[in-house]
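Some notes on the structure that comes next.
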Amino acid sequence: MTDLKFGYDVLLTDDGTPTNIIASQETPGSPFRAVLWSVPDRRWIYAPAIAADILYDDDDARRTEAIDRTTAERIAAENLRSELPSEETLLVLFAEGERMGWRFGPPQR
């Protein structure tokens, strides 16, 4: 575990089915950092601009709920068929994304 606080949010369909998870970190004086599940790439990507739109844009009608890490791990396994990255791995993904200047995820392959 790290000393830095992470937030976890689940993206839900209209009927309440989980479709994605956002793992984020908001630290005063630092940019918003977030990783989410890329459905087309089937991997976790650093995409803070996409996550911020989902979480904070009042015009974005997608429904989200804050969840704890244990719930995020369960949803990742059951609904995304993936393992939620450890908080240490999230920090690595944040650092790589920031170093590469990715705001909307890595370039398409």
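Numbering-wise (the numbering used here), the sequence shown opens with residue 6 and increments by one.
Using N, Cα and C, we set each Cβ at its ideal position, and we do this for glycine too.
{"Query": "Below 8 Å between beta carbons: does that hold for GLU92 and PHE37?", "Result": "no"}
{"Query": "State yes or no: is the C-beta of TYR51 within less than 8 Å of the C-beta of GLY102?", "Result": "yes"}
{"Query": "What is the C-beta distance between ARG79 and LEU17, in whole angstroms, given that I count them as a contact (C-beta under 8 Å)?", "Result": "No, ARG79 and LEU17 are not in contact; Cβ-Cβ is about 15 Å, not under 8 Å."}
{"Query": "In three-state terms, what does DSSP make of MET6?", "Result": "Note on MET6: pLDDT 43, under 50, position unreliable in the model; no value is reported."}
{"Query": "Report back the beta-carbon spacing between PRO84 and PRO23 to the nearest angstrom; my notes put them in contact at under 8 Å.", "Result": "In the sequence on display, residue 84 carries Asn and not Pro. Confirmed, Cβ separation roughly 5 Å."}
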